[in-house]
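Undergrad: Can you keep this structure in mind? I'll have questions shortly.
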Amino acid sequence: MNFLSLFVLIPALMMMGLFLSNSRKQLLFFMTAGASLLMIFSTVLTYMYFTERAAGNAATMLFTADTVWYSAFNIHYSVGVDGISVAMLILTSIIVFTGVFASWKIDPLPKEFFLWFCLLSSGVYGFFISTDLFTMFMYYEIALIPMYLLIGIWGTGKKEYAAMKLTLMLMGGSALLLVGILGIYYASGATTMNILEIAKLHIPIEMQYYFFPLTFTGFGVLGAMFPFHTWSPDGHASAPTAVSMLHAGVLMKLGGYGCFRVAMYLMPQAAHELAWIFLILTGISVVYGAFSAIHQTDLKYINAYSSVSHCGLVLFAILMMNETSATGAILQMLSHGLTTALFFALIGMIYGRTHTRLITEMGGLMKVLPFLGVCFVIAGLGSLGLPSLSGFVAEMTIFVGSFQHTDLFHRVLTVLACSSIVITAVYILRMVGKFLLGKIQDPHHEHLTDATWFERISVVTLIFFMFALGSAPFWITNMIHESVLPVIGQLVK
Amino acid sequence: MQYTLLILVLPLLSFIVLGLVDSKWSPKVAGTIGTLVLGIITALSYLTAWEYFSMHQVAGVYEKVIPYNIEWLRFTEFLHINLGILLDPISVMMLVVITTVSFMVNIYSLGYMVNEKGFERYYAFLSLFTFSMLGLVVATNIFQMYIFWELVGVSSYLLIGFYYTKPSAVAAAKKAFIVTRFADLGFLIGILVLSFYSKTFDFGILTSGNPSVFASTVGVSFMGVSVMSWALGLIFIGGAGKSAMFPLQIWLPDAMEGPTPVSALIHAATMVVAGVYLVARLFPLYIVYAPDVLHGIAYVGAFTSLFAAVIAVVQTDIKRVLAFSTISQIGFMMVGLGVSGNGGHEGLGYMASMFHLFTHAMFKALLFLGAGSVIHAVHSNEMNHMGGLRKYMPITNWTFLIACLAIAGIPPFSGFFSKDEILSACYEFSPYMGVTMTIIAGLTAFYMFRLYFNIFWGKEHKHEHTPHESGFAMALPLVFLATVTVFAGFIPFGHFVTSDRANYNIELDTVVASISVLVAACSIALATILYRKESAVPKKLATTFSGLHSAASHRFYIDEVYLFITKKIIFNNISKPLAWFDRHVIDASMNGMAGTTQWFSLKIKSFQSGQVQQYAYVFLLGTLAIALMVIFI
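Taken in order, these protein sequences are the chains called A and B. With our numbering, the residue at position 161 of the first sequence is 161, and numbering never jumps. For our numbering, add 1000 to where a residue sits in the second sequence, where the first one is 1.
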């Protein structure tokens, strides 16, 4: 059996195990935590194997396998990983692991929660390992559907509305995507849906003009591209902690990954011609998201708009189409995934104590919750791009890469995108200053208790990886850099 | 010189250890570790300086030594961030300055901060700051400098906001960070532009003087200004933010909310001169490729210097007076660089600027620590709550006086020499500049002695406890820094730091010197008359020039302008409408689509009523219609 199939198999087996087990919460928790730990080991193995072999030919896929599962449409179960997928697998396994630890207190129906959670993670893993367009799309849908239930049942606030909105908007995106994928398949005249095979063929330029925007927008909706981002604030605000973490941390990356792997890779000419439209849209996302975040008062809304801004930067960098900015885009996906998951984890933990997320109703929490407070400040500093944390490496790679364009348009846009670092600092410091520092506002907050051990595991793991990526980026940048080359090679051809 | 690595590694380790143990160790242990580490790296820095200046001179020119330079992050084939250590005269000088002041501040804090909560946190942050600042000055490339530039910004944020339960401290920290971040944006874009054309971040290549590095910039301009001017101008904005040049000076006076030793270290001696250091580091580029920007720097420096000096005259919070005096003195350094040429006597301004940076760090740190000692004794920052303290605090009194004389430019104290050389360079640049700077020097002497007399002379103020001299830990740094201040002027600075790294013998320009001493002496005399004993004259003057007085005490309303821009324009006119737009236009259109669908389905749902009669009715009607169509068409 192919090694990569483990990534789908373990969550699936886990679901079966959960299904058969009794409903004791601790047991369910440890089972899921164990499975997520197993996933981390699998990713570590993949990473080690990949870097072992990488010397010189990191560009080719690793662990490829190909099995027909629906021959009428040439749909294969074909898998394989390159540096980008490995990076995404690392991210996913970290977020799933920490997400489980953040869901210790999940209530009610813990069994069902973890079941859906495992299904969701298997969808995400499956997406990142697939190299077949249709299989990829299928996993994408698998990742999407459980979200509806997870938000609708375990969410807070206007959860039914948010769940419906999120699912419908993303479904709308995937409808565009399906048309795009079928278009690619037929227009290329391929006898397979394998991305690597289609990339060798040429899709007529007039066809590309139709299907590039469809595919890019389809994935872009998930990547919170302006003006299709509004599901993000509502959805994230209502989702339970672990789901917000997984959604903002990993699911939004499906968008960026798909744009890069499918839209740009398979339709390079149209990408060249139409990039400017999407560059403007994503440029707007970057600045607009940041400005909107300044005015929010709900912690989750602030972070959701911040995600719009940071994910906008991912798509922005992808569209810049050179190897440095593309590397930066992948790094930004990692960095944003870690940072935003940390934010949502901490917000969930703080909400669990104060029962409010409005920064106007809190204050001085640093004094009573020093551990969570300090971690929140670290997350904030990571988000505003402090060197030694992951955000800096990613953003600088994007900016330097994007600025290497010789024409003025790209460089002016880069400068505008750079300005987001100031706006980010404004809303982060405003948020930190309002609810963590200063005097305690609500007397009920005087006696809150600081993080418990499982919460600490979750938070410390995320912070550790933020530092690992930000202080010693070379362990992952080389791998990513070599893997973006084939795609960039297509684009500059 | 492999051991220089320790200078960076030790404070970092100290930060990590102190940060992780938090409050599990007793404050004494934490303080001792922090101070001990600083002691070691101070010794190492002196060793570095001694070894560098005695052994690394080739044919009369100091060479650049790079003991470490490792690749950290690769962007493209040419552009990669390295982390390393670059030793040349200015970086070695900065090592000495930073470690000395930092060491003194660490010792001082053992006495000053001992009863504060979060003592370990304080020492952890101090170590972080020292690490970042040292990393900044030894940077081998401009991106490394940017990295540490950001880190010093954050350490400054953390230390200003040390008393995090105090709203004013939190606000000040936020303001400092955001204003400097805004300036850093300029720095970053400047780096991007510069590296785009030169294809390198490395200082060695950038400042090598090899014209081929910038060959691609020849004739390239944007909006009528050459790209090199753009790049270097933008980089200067970064420097102006950190060094509190007009109009980005607003954060520094507020930063005085931090603990006083922090103000001495970060907001007087080291971090705020980072901008000067940045310009000095890229000086070979400014002088060759953008002399217009360099002159601009001189004018900005001169204006800031004058502006801050005028404000300092009317402030009543002693730390704010010192803060404005810092801004004014940094203006002097900027002017020194701005009027300088390159090499030999031409480069006098450069040398003088660096010399002033050195002496200023010592005497300004001394002034702040002295002020801290006073504040510690009377528990107030306000001048009006002080007076007559010389009897109670003799050490503080004498050391403060020495520092005041130094900053006023009275020989033989160190400030006289460095300031005098800047003035000479100014007169050579243009007489107007020279005269302006001499007037500012006079103002400096006046407001410093106003401060001095108000604290230590004048009418005694009633205190709850009798003020007393500070303990040994606080007195020692005062005495040490005072000693340095007295003798530092005799250092033959031209033998160490010059624009072309070659020796230069400084000659005292007696005309300029005597004019400046005369002006300073007159100003001091005036201050003595007005403030030594209580008199009604200052009040009268204030009412006579009430417009100017109130404008100056409100810092010429620059803060209000900023508040207007940030609150009214950005927050209320950009951010708020955008948030509204997002909810009520973009999101509403999405909801509108859903609503339309629902409306439509409501309209047609009556077709699916489930009533068989209705279905049969419609079915019959339909059949009939089709039958008719078939028959007649």
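Glycine included, every Cβ here is placed at the ideal spot set by N, Cα and C. Just so we're clear, the structure is a prediction, and the values are computed from it rather than from any experiment.
#1: Return no unless some Cβ of chain B is closer than 8 Å to the Cβ of Tyr288 (chain A).
#2: Rounded to whole angstroms, what's the CA-CA distance from Thr1304 (chain B) to Ala1169 (chain B)? Just pull it up for me.
#3: Please name the residue in A:Ile84, A:Phe101, A:Leu18, A:Met48 whose C-alpha comes closest to that of Ser495 (chain A).
#4: Put Pro1211 (chain B) into one of helix, strand or coil per three-state DSSP.
#5: Ala1302 (chain B) and Met1437 (chain B) - do their beta-carbons sit closer together than 8 Å?
#6: I'd like to know if the region 1004-1016 of chain B and the region 1127-1145 of chain B are in contact, where contact means that at least 3 CB-CB pairs between them fall below 8 Å.
#7: Hey, would you say Ser483 (chain A) sits closer than 8 Å to Ser309 (chain A), going by beta carbons?
#8: What number of angstroms, rounded off, separates the C-alpha of Ile151 (chain A) from the C-alpha of Met61 (chain A)?
#9: Span of the beta strand (DSSP E) holding Glu1071 (chain B)?
#10: Going along chain D, which residues have a C-beta under 8 Å from Ser1575 (chain B)?
#11: Of all Cβ atoms in chain A, is any one closer than 8 Å to the Cβ of Thr1596 (chain B)?
#12: Spell out a yes or no on whether the region 419-438 of chain A and the region 355-375 of chain A are touching, meaning 3 or more CB-CB pairs, one atom from each, closer than 8 Å.
#13: Using a C-beta to C-beta distance shorter than 7 Å, which residues of chain B count as neighbours of Lys367 (chain A)?
#14: Please list the partners that Val484 (chain A) has in chain B, where partner means a Cβ-to-Cβ separation under 9 Å.
#15: Taking CB distances under 8 Å as the criterion, tell me whether Leu429 (chain A) reaches chain B.
#16: Determine the closest residue to Glu273 (chain A) out of A:Tyr210, A:Val286, A:Ala239, with distance taken between C-alpha atoms.
#17: Let's see if you can read the secondary structure: which residues bound the beta strand (DSSP E) around Ser78 (chain A)?
#18: Please report the residue range of the alpha helix (DSSP H) in which Val68 (chain A) lies.
#19: Taking Cβ positions only, does Asp1587 (chain B) come closer than 8 Å to chain A?
#20: When burial is assigned at 16 or more other CB atoms within 10 Å of the CB, is Ser1589 (chain B) buried or exposed?
#21: Pick helix, strand or coil for Glu1460 (chain B), following the three-state DSSP scheme.
#22: For Phe1446 (chain B), count neighbouring C-beta atoms within 10 Å of its own C-beta (all shown protein chains included) and say buried if the count is 16 or more, exposed if not.
#23: Mind the definition here: the region 311-324 of chain A touches the region 277-284 of chain A only if three or more C-beta pairs lie below 8 Å; say whether that holds.
#24: Going by beta-carbon coordinates alone, are Arg1499 (chain B) and Phe1203 (chain B) separated by less than 8 Å?
#25: Please identify, using Cβ separations under 9 Å, the residues of the region 1067-1079 of chain B that lie next to chain A, in order along the chain.
#26: Quick one, which of A:Ser325, A:Gly380, A:Val492 has its alpha-carbon nearest Arg1074 (chain B)'s?
#27: Would the region 438-450 of chain A count as touching the region 296-309 of chain A if we require 3 or more Cβ pairs under 8 Å?
#28: Using beta carbons (cut-off 8 Å, strictly below), is Thr64 (chain A) in contact with chain B?
#29: List the endpoints of the continuous beta strand (DSSP E) containing Gly1084 (chain B).
#30: Would you please verify whether the beta carbon of Val459 (chain A) is less than 8 Å from any beta carbon of chain B?
#31: Any idea what DSSP makes of Leu214 (chain A), helix, strand or coil?
#32: Cutting at 7 Å between CB atoms, please list the residues of its own chain near Ile398 (chain A), excluding the five before and the five after it.
#33: Tell me which residues share the same chain as Met1542 (chain B) and place their Cβ nearer than 6 Å to its Cβ, disregarding the 5 neighbours each side in the sequence.
#34: Give every residue of the same chain whose Cβ lies closer than 7 Å to the Cβ of Val1512 (chain B), excluding the five residues on either side of it in the sequence, and list them in chain order.
#35: Does any CB atom of chain A fall closer than 8 Å to the CB of Phe1632 (chain B)?
#36: For a cutoff of 8 Å on Cβ pairs, would you count Ala1244 (chain B) as touching chain A?
TA: Reading from the atomic positions:
#1: Closer than 8 Å to some Cβ of chain B, the Cβ of Tyr288 (chain A) qualifies, so yes.
#2: In this structure, the alpha-carbon of Thr1304 (chain B) lies about 25 Å from that of Ala1169 (chain B).
#3: Past the boundaries of the shown model lies residue 495 (chain A); chain A is included only from 1 to 493, so the question cannot be answered.
#4: Taken through DSSP and simplified to helix, strand or coil, Pro1211 (chain B) comes out as helix.
#5: Contact: yes.
#6: Two segments are said to touch when three or more pairs of C-beta atoms, one from each, lie closer than 8 Å; by this definition the region 1004-1016 of chain B touches the region 1127-1145 of chain B.
#7: Result no, Cβ atoms of Ser483 (chain A) and Ser309 (chain A) do not sit closer than 8 Å.
#8: Those two C-alpha atoms are separated by around 36 Å.
#9: Here the beta strand (DSSP E) through Glu1071 (chain B) covers 1065-1074.
#10: Here the protein chains are A and B, and chain D is not one of them.
#11: Chain A, which has no Cβ nearer than 8 Å to the Cβ of Thr1596 (chain B), makes this no.
#12: Look at the beta carbons and you see the region 419-438 of chain A touching the region 355-375 of chain A: at least three pairs across the two are nearer than 8 Å.
#13: Result: Thr1165.
#14: For Val484 (chain A), there are no neighbours in chain B by C-beta distance under 9 Å, as the nearest C-beta there is about 13 Å away.
#15: At a cut-off of 8 Å between C-beta atoms, Leu429 (chain A) counts as an interface residue with respect to chain B.
#16: Selection A:Tyr210, A:Val286, A:Ala239 evaluated against Glu273 (chain A) yields A:Tyr210 as nearest (Cα-Cα).
#17: Per DSSP, Ser78 (chain A) is one residue of the beta strand (DSSP E) stretching across 75-81.
#18: Run containing Val68 (chain A): none in the alpha helix (DSSP H); it sits in the beta strand (DSSP E), 62-70.
#19: Taking Cβ atoms only, chain A reaches closer than 8 Å to Asp1587 (chain B), which makes this a yes.
#20: Classification of Ser1589 (chain B): exposed, given that the 10 Å Cβ count is below 16.
#21: Residue state, collapsed to three classes: coil.
#22: Buried.
#23: Three or more Cβ pairs closer than 8 Å define a contact, and the region 311-324 of chain A meets that threshold against the region 277-284 of chain A.
#24: The question names Arg, but residue 1499 (chain B) in the sequence shown is Ser. By the CB criterion at 8 Å, Ser1499 (chain B) and Phe1203 (chain B) fall outside the cutoff.
#25: Result list: Glu1071, Trp1072, Leu1073, Arg1074, Phe1075, Thr1076, Leu1079.
#26: Closest option to Arg1074 (chain B), judged by alpha-carbon separation, among A:Ser325, A:Gly380, A:Val492: A:Ser325.
#27: Taking 8 Å as the limit for Cβ pairs, the verdict is that the region 296-309 of chain A does not touch the region 438-450 of chain A.
#28: Cβ-Cβ to chain B under 8 Å: no for Thr64 (chain A).
#29: First-last of the beta strand (DSSP E) with Gly1084 (chain B): 1080-1087.
#30: Taking CB atoms only, Val459 (chain A) has no neighbour in chain B less than 8 Å away.
#31: Leu214 (chain A) falls in the helix class under three-state DSSP.
#32: Same-chain partners within the cutoff: Leu313, Ala317, Ser325, Gly328, Ala329, Gln332.
#33: The amino acid occupying residue 1542 (chain B) in the given sequence is Ala; Met does not appear at that position. So the list reads His1549, once near-sequence residues are dropped.
#34: Within its own chain, the residues whose Cβ lies closer than 7 Å to the Cβ of Val1512 (chain B), once the five positions on either side in sequence are excluded, are Asp1420, Leu1423, Ser1424, Tyr1427, listed in chain order.
#35: False, the Cβ-Cβ gap to chain A never drops below 8 Å.
#36: Taking Cβ atoms only, chain A never reaches closer than 8 Å to Ala1244 (chain B), which makes this a no.
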